[in-house]
Amino acid sequence: MAHASHGNGAGRPMAPGSARARRDVRRAWLFLLLILPAFVLAALVDRGLLSLQGYDAGESSVPLHVTLVAGGSGLLVLIVPGVGALFYGLRARRHSDPAGTAPGLAGGDVAAALLLLNIVALVLGR
-3 MAHASHGNGA GRPMAPGSAR ARRDVRRAWL FLLLILPAFV LAALVDRGLL SLQGYDAGES
57 SVPLHVTLVA GGSGLLVLIV PGVGALFYGL RARRHSDPAG TAPGLAGGDV AAALLLLNIV
117 ALVLGR
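Going by the working numbering, the sequence shown runs without a break in its numbering and finishes at 122.
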């Protein structure tokens, strides 16, 4: 039975616990930890872009296009760490290190939940 290559350049699967796989696991955990500071940065981006466009964050009469620019940019800042954790976690698992599964799936779940919650809030808030 043939084994699929996992991208180590030699056509062989990587050994479990390889340096690349361990590095990907560390990066996945690091991206997962960055989710908390991303909340603060996303709020700053959102409020900053609203004020640059001449609106206050508490205003109820903000046009949709302004909300999408400011909120979309803030949302992007918010979900990037979760997507990064998912990417590196799954890549570590693909390189035969199952330790990447937990941070990868946690990051993906958080990013998906934040995306869904923000879309629901936008739709229900209009």
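Beta carbons: idealized from backbone N, C-alpha and C, even for Gly. Remember, predicted model here, so these are calculated numbers, not experimental data.
Distance between G85 and A98 (C-alpha atoms, nearest Å)
Whole-angstrom Cα-Cα distance: 7 Å.
Could you give the residue range of the alpha helix (DSSP H) that holds G130?
This structure cannot speak to residue 130, because the chain is shown only from -3 to 122.
Helix, strand or coil: how does DSSP classify D42 here?
Helix at D42.
Could you have a look at L30 and say whether DSSP puts it in helix, strand or coil?
Residue state, collapsed to three classes: coil.
Considering only C-alpha positions, which residue in the set V79, G121 and G50 is nearest to L23?
Residue 23 is actually Arg in this sequence, not Leu. In this structure, V79 is the residue among V79, G121 and G50 with its C-alpha nearest to the C-alpha of R23.
Is any non-hydrogen atom of the ligand GTP found closer than 7 Å to the C-beta of T97, if you look at the structure I gave you?
You won't find the ligand GTP in this model; it holds no ligand whatsoever.
Proximity of L28 and P77 at Cβ, strictly below 8 Å
Yes; because the gap between Cβ atoms is below 8 Å, this pair is in contact.
Buried or exposed by the 16-neighbour rule on C-beta atoms within 10 Å, applied to L46:
So L46 ends up on the buried side.
Where V21 falls, given that 16 or more other Cβ within 10 Å makes a residue buried:
Classification for V21: buried.
Assuming L72 and G103 form a contact by the criterion Cβ under 8 Å, report the distance between their Cβ atoms to the nearest whole angstrom.
The beta-carbon distance between L72 and G103, rounded to whole angstroms, is 15 Å. This is too long to meet the 8 Å contact definition.
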